[in-house]
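In this note's numbering, the protein residues as written are 154 to 630.
Glycine included, C-beta positions come from ideal geometry on N, C-alpha and C.
Quick caveat: nothing in here was measured; it's all calculated off a predicted structure.
Below you'll find the structure, written out as structure tokens, and then a few comments.
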């Protein structure tokens, strides 16, 4: 049985405005196992498989001059039941100069998808529909969705025309520190998507940070029309592989933010980005292969609730959008599986929605936290633990882990103060049901730190409702 925790060990930088622009991080490789998290579609616990996560080295910025031809601007416009945890994947990350990486031939690895790397993520949360950009129009409110019957080729053309002008290429440069204290120059290229006309851009964390996790020294954002602007990292998400960048530009086209809540396996998926860091605004298409995936990437980060797609995602695509058939953003491309074809991953846009809202409001980027370790409950867990319910999150310490057994409930944390005990099963938060399709971490991400909500638990044969005030997720989890 594999434990989960809302304090996952994904490193995160503070979500405070950063002074220095970011650079994509150096490729990082680690061996790990895909976590045994339960996906929305599968309630079994036996799908874990060992994998090797690998992040490709960021792509060098081309040394040759800009080609004479340029992309012509186009007229404007951006989970089904989840599946069991999957092998570690590579997040498409920015390609970096510096230390190379070697991967054993038959191993499944993950690459960051920016300029030369690929990565992965997790989460959910609906953005306040009244949030507006400086233009006065809702910038990140989920678009209303209506049934559409349309030829696939026409849909791809129209979607690319709508979202293409909002896709940017991000050049990064920085300096990482090697194990001996020396400086390692790094460069990379990734992608991003404009979500507000005031110059707000959503991208991957690994695109704008060095391999040692520090924010890059310099960031240059190139628009579809060729204009370039200095970028500033506004904040780094402490939960997911996301970051928000600002540029001082006008006459921008913002993408339309869709919804990742009602995706169907098999529906059209379109990716736009800068593969290899060179071919800006490249469009590829495929389908939504699955939702609710969990992967481990090269730097050891575990990313959950991801969209799996067979649309081609390559180094340089990190931070670029995954679109639906009408050109609305449904995800942010972040990871690919190496030594395989057609296995890429995107962070659901609903997970990014809360931090976009925080940025537009001028707030520090932050995520909620309750301070428990837990195991997703299904019928197998119900039988093994003799539970009275077959869905929810069982509060449990991770017995058998090297280095000792951590507490199931963090002492002094929000759950501890609310009266949660080891062995409790959390079945609802704020009235939202916790089950295979709505895992605890995904539901929790829809709330804000500081909110006081009802927490329904099952303790033995009793159902109790506790009041819990959500904390702020620490930066070092």
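For a quick check, are the C-beta atoms of residue i and residue j less than 8 Å apart?
i	j	result
residue 644	residue 318	This structure leaves residue 644 out entirely; the chain is present only between 154 and 630.
residue 398	residue 473	no
residue 607	residue 583	yes
residue 550	residue 561	yes
residue 348	residue 509	yes
residue 480	residue 316	yes
residue 355	residue 392	no
residue 471	residue 359	yes
residue 601	residue 507	yes
residue 343	residue 357	yes
residue 353	residue 512	yes
residue 384	residue 373	yes
residue 435	residue 426	yes
residue 594	residue 457	yes
residue 573	residue 585	no
Which same chain residues end up closer than 7 Å to residue i when comparing Cβ atoms and leaving out the 5 residues on each side of it in sequence?
i	result
residue 499	459, 460, 462, 475, 484, 485, 486, 487
residue 413	232, 460, 483, 484, 501, 502, 503
residue 365	329, 330
residue 571	608, 619, 620, 621
residue 505	355, 395, 485
residue 625	519, 522, 602
Per the DSSP calculation, residue i is bridged to which residue(s)?
i	result
residue 426	435
residue 581	586, 609
residue 461	443, 498
residue 474	485
residue 620	607
residue 324	342, 373
residue 310	Its beta-bridge partners do not exist; DSSP assigns none.
residue 547	528, 578
residue 421	440
residue 450	Answer is none; residue 450 lacks a bridge partner.
residue 615	612
residue 632	Past the boundaries of the shown model lies residue 632; the chain is included only from 154 to 630, so the question cannot be answered.
residue 330	336
residue 479	According to DSSP, which records beta bridges pairwise, residue 479 is partnered with nothing at all.
residue 625	521
residue 562	525
Can you name, in chain order, every residue of its own chain whose Cβ lies under 8 Å from the Cβ of residue i, other than the five neighbours on each side?
i	result
residue 605	620, 621, 622, 623
residue 540	530, 534, 547, 578, 611
residue 616	580, 609, 610
residue 400	352, 354, 374, 382, 383, 384, 385
residue 614	541
Cutting at 6 Å between CB atoms, please list the residues of its own chain near residue i, excluding the five before and the five after it.
i	result
residue 524	563, 566, 567, 568
residue 420	441
residue 477	411, 483
residue 402	352, 382
residue 387	170, 397, 399, 512
residue 327	176, 339, 363, 369, 370
residue 538	none
Tell me, please, whether the CB atom of residue i is closer than 8 Å to any CB atom in chain D?
i	result
residue 482	Protein chain content of the structure displayed is limited to a single chain, and chain D is not contained in it.
Q) What are the uninterrupted segments assigned as beta strand (DSSP E) that are 3 or more residues long and contained completely in the region 345-402, given in chain order? A) Here the runs fully enclosed are 353-356, 371-375, 381-389, 396-400.
Q) Is the region 403-410 in contact with the region 434-445, if contact means three or more CB pairs nearer than 8 Å? A) Taking one beta carbon from each stretch, the region 403-410 and the region 434-445 have fewer than 3 pairs nearer than 8 Å; the two do not touch.
(Q) Quick check for students: name the residue ranges of the alpha helix (DSSP H) that lie wholly in the region 482-532, counting only runs of 4 or more. (A) Listed in chain order, they are 502-513.
Q.
Does the region 320-331 come into contact with the region 424-440, if we say contact requires no fewer than three beta-carbon pairs (one atom in each stretch) closer than 8 Å?
A. Judged by Cβ distances under 8 Å, the region 320-331 makes contact with the region 424-440, as three or more pairs qualify.
(Q) Does the structure place the region 518-527 close enough to the region 445-454 that three or more beta carbon pairs sit under 8 Å? (A) The region 445-454, when compared against the region 518-527, does not touch it at the 8 Å Cβ threshold.
**Q.** Meets three-Cβ-pair contact criterion under 8 Å: the region 325-339 and the region 304-312
**A.** At 8 Å Cβ cutoff, the stretches do not touch.
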